[in-house]
Amino acid sequence: MTSLSRLSDKGFVSCDRSTGSNLYTAVISENEYKTGASRNFLERLYNNSIQNMVATLYSNKAIKDSDIEELRNFLDKLEDEQ
21 MTSLSRLSDK
31 GFVSCDRSTG
41 SNLYTAVISE
51 NEYKTGASRN
61 FLERLYNNSI
71 QNMVATLYSN
81 KAIKDSDIEE
91 LRNFLDKLED
101 EQ
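So the sequence shown is residues 21 to 102, counted in the working numbering.
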């Protein structure tokens, strides 16, 4: 089974076989895929807790203080927009 066949089986792409060749077309957008993948990742590894994810990354020195500050600024901006 090819990668495209697996993606088709999972509903990410559609396949048109009417032309004699397989024509694959994306069914979901890149943003929709990233949203689903991110939710799945957070659920599986961090029990749906962004705080646990950031704490793990910080304690393992995978993110720096400057990354935390950037995240803080991003969250402040989101809060201001609401």
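All C-beta atoms in this analysis are idealised placements derived from N, C-alpha and C, irrespective of residue type, glycine included.
Spatial distance of residue i from residue j (CA atoms)
i: Glu-90; j: Ser-58; result: 19 Å
i: Gly-40; j: Glu-63; result: 41 Å
i: Gly-31; j: Val-47; result: 7 Å
i: Glu-101; j: Leu-95; result: 10 Å
i: Asp-85; j: Asn-93; result: 12 Å
i: Gln-36; j: Lys-54; result: One point to set straight first is that residue 36 is Asp, not Gln, in the sequence displayed. When rounded, the distance between both Cα atoms is 25 Å.
i: Asn-51; j: Ala-75; result: 26 Å
i: Ser-49; j: Asp-29; result: 17 Å
i: Ile-83; j: Ser-38; result: 50 Å
CB-CB length for residue i against residue j, believed under 8 Å
i: Tyr-66; j: Asn-72; result: 4 Å
i: Thr-45; j: Ser-34; result: 5 Å
Test: residue i CB closer than 9 Å to a CB of chain D
i: Ala-46; result: Absence of chain D from the displayed structure is noted, only one protein chain being present.
Beta-carbon proximity check, residue i vs residue j, cutoff 9 Å
i: Asn-42; j: Leu-24; result: yes
i: Tyr-78; j: Ile-88; result: yes
Strand pairing of residue i, partner residues [DSSP]
i: Ala-46; result: Val-33
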